[in-house]
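Engineer:
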Amino acid sequence: MTAVDMEVRDGVDRETIETVQAMSGSYKYGWSTDIEMDYAPKGISEDIVRLISEKNEEPEWMLNWRLAAYRRWVQMEEPHWAMLSYPEIDYQDQYYYAKPKSMAVKPKSLDEVDPKLLATYEKLGIPLKEQMLLAGVEAPEGERKVAVDAVFDSVSVGTTFRAELEKAGVIFCPISEAIREYPDLVQKYLGTVVPATDNFFATLNSAVFSDGSFVYIPKGTRCPMELSTYFRINAENTGQFERTLIIADEGSYVSYLEGCTAPKRDTHQLHAAVVELVILKDAEVKYSTVQNWYPGDENGKGGIYNFVTKRADCRGDRAKVMWTQVETGSAITWKYPSCILRGDDSQGEFYSIAIANNAQQADTGTKMVHLGKRTKSRIVSKGISAGRAQNTYRGLVSMHPKATDSRNYTQCDSLLIGDKCGAHTVPYIEVKNNSSRVEHEATTSKVDEDQLFYCRSRGMDEEEAVALVVNGFCKEVLQALPMEFAMEAQSLVAISLEGSVG
Amino acid sequence: MAVMQAKADALAARLAGARPDEGGWLGKARAEALARLAPMGLPGRRDEYWRYTDPASLTAPEPVSAAVFDAKAEPRPFTALDRLKVVFVDGQFDAAQSDDLALEGIEIERLSLAGHAANHWAANLYGVLEARGQTPVERPLATLNSALATEGVLIRVTGKPSKPVSLIYLRKSNNSDAMLHHCIKVESGAELTLLENGPAAARLSKVLEVDLADGARFHHIRTQGRDHERRAVTHIFARIGAQALFKSFTLTANGRLTRNEAFIELLGADAVAHIAGASMGDGDFVHDDTVFVTHAAERCESRQVFKKVLKNGAVGVFQGKILVKQGAQKTDGYQISQSLLLDDDSQFLAKPELEIYADDVKCSHGSTSGAMDETALYYLRSRGVPLKQAQSLLVLAFLAEAISEIEDEAIADDIRNRLEGWLHRHEH
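Chains as they are written, first to last, in our numbering: chain S, 5 to 506; chain P, 4 to 431.
If you want it as structure tokens, here you go:
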């Protein structure tokens, strides 16, 4: 659909519409890297699980854990409660493991990594040279550094700044390596936030995850730089199943960023990830995502099926977690980053912008499970639908009987652009004590006429007024992003129209 | 598969021995309902639509015995109003206590007597709106009612009757299992106020199908009785034409289990539907409002206002949904669900949903839950208001938005008096 034939309602700025369209119309990261790959045979079976485990040189306990998950998975049914419709997924018709041939012998340092792979990340704007870079923005000398773990299909190709992080006691490495090098930590925490039997997609991931990032921040440590993982799907007909485990020990702090892209392909590709955050007493984790998987073409051909389980467990008192997500890609998004607020006075926050255009479908939200006393949570969700897209916020706020004096505030707003799309809100609110306070508000609208009128009565022209109002619509979420991501997010969302209106 | 089998088994057990009359248009409608019911079975706890309320006591073959509640000298609601009374005792029509059913501008018939009449208007309504209400979510208990109900009223309104029709549901038996099915058709430009009160039975299933022609007006006010032990499942299915007005208010005080479902379709432009509820529960009390409003035409307005005051382990449930179909531009949809938890044992469980397929709409919902506002209480006490009176005042203020949905001031006052009575009796 072009900007011309799309019916524009009064009050919605054309530039907003065009920018939203541009995001899927001209997907910037749709190229692929021509590189020789090693594939596991197509399909999934116990042999494939064993093969992945063997490729990663895993200890036996890990293989057994995977096999138990696989045996459970074959008995599970794919869930269909989300407001998503897609043809049945043939789990035997794809590859579960793909590794660049040049990675057959694990490079000892980034200098040994295949230049083609390095060039891929360079082109994506994620140079793996140890410089102060992210998101294609060259920062001036002396600015903060960001360590990157780059995951290419099924394997991690390199992790930067490891030596410097090690000095601070921070472990940041591919999870495949952590399983070998830090088995005690992995065994202690893996699957304790998202159990291997948690849900269909998480269980599938538990059986076949190939790589991902592992982070451990020791007691009382403030991680000296932002950590980041960049996921790239390149191979065709290949699913990506990454697993991220972050442990923030008592009193520590880390900000973690995640980005992802994939080439344009006519067939759908499966991505089923699991992210577990363990947050101990007085620790804080900020987890930010800009999800920009290939969304498919304007007719819904191709695109990533994104089924993700993300959960944070605030195990200690005063633990704190903040999820921020900008969801712009994927043909299908099924994702509910959640917070288990177990420790007393622990806090969870969820900030989300989800944009669905053309034939995209997104069903995303969060769960705030209040178990500890005086726990606090805040949910701010902004959904924008355009084209023929469907965008659903789905969330749970649960106040357990013992979570006394707790507080939740939820704000879900939806903006519709065009009369063929849909915006939906499905919140679950469960309050089981009376000293807690829960507030939920949701609105669905086009750009508010009163606000426009107010701005115009102050002397702004129509475009300026719209820019201001639409900018305000997403600002709460954009402000929650780390500086490094805000740039990328804003260019993606382009909701911040300041300065762009002639 | 096991779940489907359980549903089918529950249905078979419930239907055992049922011999609905098969003749006439009513018999045909019942047979159709039975046919629709077979693939559904009866609901169970694992159904998403019964996530917060266990339907077991509603689906069981026999009702749970419930002691008849003695309201002592307390007057019944609406007694001061001039109204046309239609009385049912344990689900059976009571001619002796009922008024003459003749009134200008309105035709009132008993379902049990009209079922064989040729070319009856209700043949195009009975079970028809209920069937429409089965998508997107199945409501098998309503279908069961269409299949088995033997009594009810058929009301066709052609003018503006001089007084409200008042359906009074008394009960005498501890084991009564009543099923009532009413059809109401309000013709273009006509207007009806319908009052309902009383517990009806140990277990009540009631379906109300309301068809509003263009420009029709319908006011519905009901109180569900102070009976502590009763259980009830009620459904309202409404089809609303252009510029028509639908207003429904329900007061529920006590009852072991009450599930009030409403399925409202705004099918003509500029139609209005307001549905409100105030409920107070003390102790073993589950009250569930499940509301589904569909906007299928332009410039319609809907409001859902539900307030619940809960104490001593009472459970309040709200599942409300606004669906705006493609093309239903300029929709104004509003929904609020709030609970006031007077102690730590009570629960509020809510699922307020929006599903929207049109861009030029204004829809919002809000939901809050919490304890009584200490600051407000402190303020009132500092002004010399005794604690209990201050608490009552705040509870009444909390419920006020729902009660204000009643247009008739005399009826609204009656409801307020009942609320005050309840608060007085349930003070700590």
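Ideal placement from N, C-alpha and C gives every residue a C-beta, glycine not left out.
Going by the beta-carbon positions, is the gap between residue 219 of chain S and residue 183 of chain S smaller than 9 Å?
Structural biologist: In this structure, residue 183 of chain S does not lie closer than 9 Å to residue 219 of chain S by Cβ.
Engineer: By how many angstroms is the C-alpha of residue 202 of chain S removed from the C-alpha of residue 20 of chain P?
Structural biologist: If you take the alpha carbons of residue 20 of chain P and residue 202 of chain S, they lie about 44 Å apart.
Engineer: From residue 110 of chain S to residue 328 of chain S, what does the alpha carbon distance come to, in whole angstroms?
Structural biologist: C-alpha separation (whole angstroms): 33 Å.
Engineer: Do residue 146 of chain P and residue 133 of chain P have their C-beta atoms closer together than 9 Å?
Structural biologist: Against a cut-off of 9 Å, the Cβ pair of residue 133 of chain P and residue 146 of chain P comes out as a contact.
Engineer: When you check each C-beta in the stretch 85–98 of chain S against every C-beta of chain P, which residues fall closer than 9 Å?
Structural biologist: Of all residues in the stretch 85–98 of chain S, 85 and 87 have a Cβ within less than 9 Å of some Cβ in chain P.
Engineer: If you measure between the beta carbons of residue 262 of chain P and residue 236 of chain P, is that distance less than 9 Å?
Structural biologist: A contact, by the Cβ cut-off of 9 Å.
Engineer: At the level of alpha carbons, what is the spacing between residue 55 of chain S and residue 93 of chain S?
Structural biologist: Between residue 55 of chain S and residue 93 of chain S, the C-alpha separation is close to 23 Å.
Engineer: For the beta strand (DSSP E) holding residue 263 of chain P, just list the boundary residues, first then last.
Structural biologist: Residue 263 of chain P -> beta strand (DSSP E) spans 260–269.
Engineer: Spatial neighbours of residue 411 of chain S within its chain, please: CB distance less than 6 Å, with the 5 preceding and 5 following residues excluded, ordered by chain position.
Structural biologist: The answer, listed in chain order, is 380 and 441.
Engineer: List, from N- to C-terminal side, the beta strand (DSSP E) runs of 3 residues or more that fit wholly inside the stretch 191–232 of chain P.
Structural biologist: The stretch 191–232 of chain P contains these whole beta strand (DSSP E) runs: 194–200, 206–215 and 220–226.
Engineer: Got a sec, what are the start and stop residues for the alpha helix (DSSP H) residue 9 of chain P sits in?
Structural biologist: Residues 5–18.
Engineer: How long is the line joining the alpha carbons of residue 10 of chain P and residue 232 of chain S, rounded to whole angstroms?
Structural biologist: Each residue's alpha carbon lies about 50 Å from the other.
Engineer: Residues of chain S with CB closer than 7 Å to the CB of residue 360 of chain P, please, in chain order.
Structural biologist: Ordered by position in chain S, the residues that pass the 7 Å Cβ test against residue 360 of chain P are 426.
Engineer: Alpha carbon to alpha carbon, what distance is there between residue 76 of chain P and residue 414 of chain P?
Structural biologist: Approximately 20 Å between the Cα atoms of the pair.
Engineer: With DSSP as the reference, label residue 399 of chain S as helix, strand or coil.
Structural biologist: The answer is strand: DSSP assigns residue 399 of chain S an E or B state.
Engineer: Alpha carbon to alpha carbon, how far is residue 242 of chain S from residue 100 of chain S?
Structural biologist: Distance between the alpha carbons of residue 242 of chain S and residue 100 of chain S is about 6 Å.
Engineer: Under 7 Å between beta-carbons, which chain P residues line up against residue 446 of chain S? List them in chain order, please.
Structural biologist: The contacting residues are 357, 367 and 368.
Engineer: Taking only beta carbons into account, state which residues of the stretch 389–400 of chain P come closer than 7 Å to chain S, listed in chain order.
Structural biologist: The residues in question: there are none.
Engineer: Please name the residues in the stretch 340–355 of chain P whose beta-carbon is closer than 9 Å to at least one beta-carbon of chain S, in chain order.
Structural biologist: So the close ones are 340, 342, 343, 344, 345, 346, 347, 348, 349, 350, 351, 352, 353, 354 and 355.
Engineer: If we require 3 or more residues per run, which beta strand (DSSP E) segments fall completely within the stretch 330–406 of chain P?
Structural biologist: Here the runs fully enclosed are 335–344, 350–359 and 365–373.
Engineer: For residue 322 of chain P, tell me which candidate among S:91, S:332, S:357 and S:429 has the shortest Cα-Cα distance.
Structural biologist: The option with the nearest alpha carbon to residue 322 of chain P is S:429.
Engineer: Which value, in whole angstroms, describes the spacing of the CA atoms of residue 324 of chain P and residue 386 of chain S?
Structural biologist: Roughly 19 Å between the two C-alpha positions.
Engineer: Do you know how far the Cα of residue 187 of chain P is from the Cα of residue 417 of chain S?
Structural biologist: For residue 417 of chain S and residue 187 of chain P, the distance between alpha carbons rounds to 38 Å.
Engineer: Leaving out the 5 sequence neighbours to the left and right, which residues in its chain are closer than 7 Å to residue 56 of chain P when beta-carbon positions are compared?
Structural biologist: Closer than 7 Å at the Cβ level, and outside the excluded window around residue 56 of chain P, lie 262, 289, 291 and 320.
Engineer: Can you pull the DSSP bridge partners for residue 160 of chain S?
Structural biologist: DSSP, once it has assigned bridges, lists S:155 as partnering residue 160 of chain S.
Engineer: For residue 42 of chain P, count the other beta carbons within 10 Å of its own beta carbon; 16 or more makes it buried, fewer makes it exposed. Which is it?
Structural biologist: Exposed, by the Cβ-count rule.
Engineer: Near residue 484 of chain S, what residues of its chain come up, given a Cβ to Cβ distance below 6 Å and the 5 sequence neighbours on each side ignored?
Structural biologist: Correct list, in chain order: 328 and 355.
Engineer: In the DSSP assignment, the beta strand (DSSP E) including residue 28 of chain P goes from what residue to what residue?
Structural biologist: Note, residue 28 of chain P: premise wrong, no beta strand (DSSP E); alpha helix (DSSP H) at 27–43.
Engineer: Taking the straight line between their C-alpha atoms, what separation do you get for residue 361 of chain S and residue 271 of chain S?
Structural biologist: Looking at the two C-alpha atoms, the distance is approximately 18 Å.
Engineer: Could you check whether the Cβ of residue 60 of chain P sits closer than 9 Å to any Cβ belonging to chain S?
Structural biologist: False, the Cβ-Cβ gap to chain S never drops below 9 Å.
Engineer: Please confirm if residue 364 of chain P has its CB atom under 9 Å from at least one CB of chain S.
Structural biologist: So yes, residue 364 of chain P belongs to the interface.
Engineer: Using only alpha-carbon positions, find the residue among P:391, P:385, P:390 and P:423 that is nearest to residue 403 of chain P.
Structural biologist: Nearest C-alpha to residue 403 of chain P: P:423.
Engineer: Going straight from the alpha carbon of residue 151 of chain S to that of residue 160 of chain S, what length do you get?
Structural biologist: C-alpha separation (whole angstroms): 14 Å.
Engineer: Give the DSSP bridge partners of residue 189 of chain P, in chain order.
Structural biologist: Answer is P:160 and P:215.
Engineer: According to a CB-to-CB cut-off of less than 7 Å, which residues of the stretch 320–341 of chain P neighbour chain S?
Structural biologist: If the cut-off is 7 Å between Cβ atoms, the stretch 320–341 of chain P has 329 near chain S.
Engineer: Could you check whether residue 247 of chain P and residue 3 of chain P sit closer than 9 Å to each other, using their CB atoms as the reference points?
Structural biologist: What the structure shows of chain P is the stretch from 4 to 431, and residue 3 of chain P is not part of that stretch, so it cannot be assessed.
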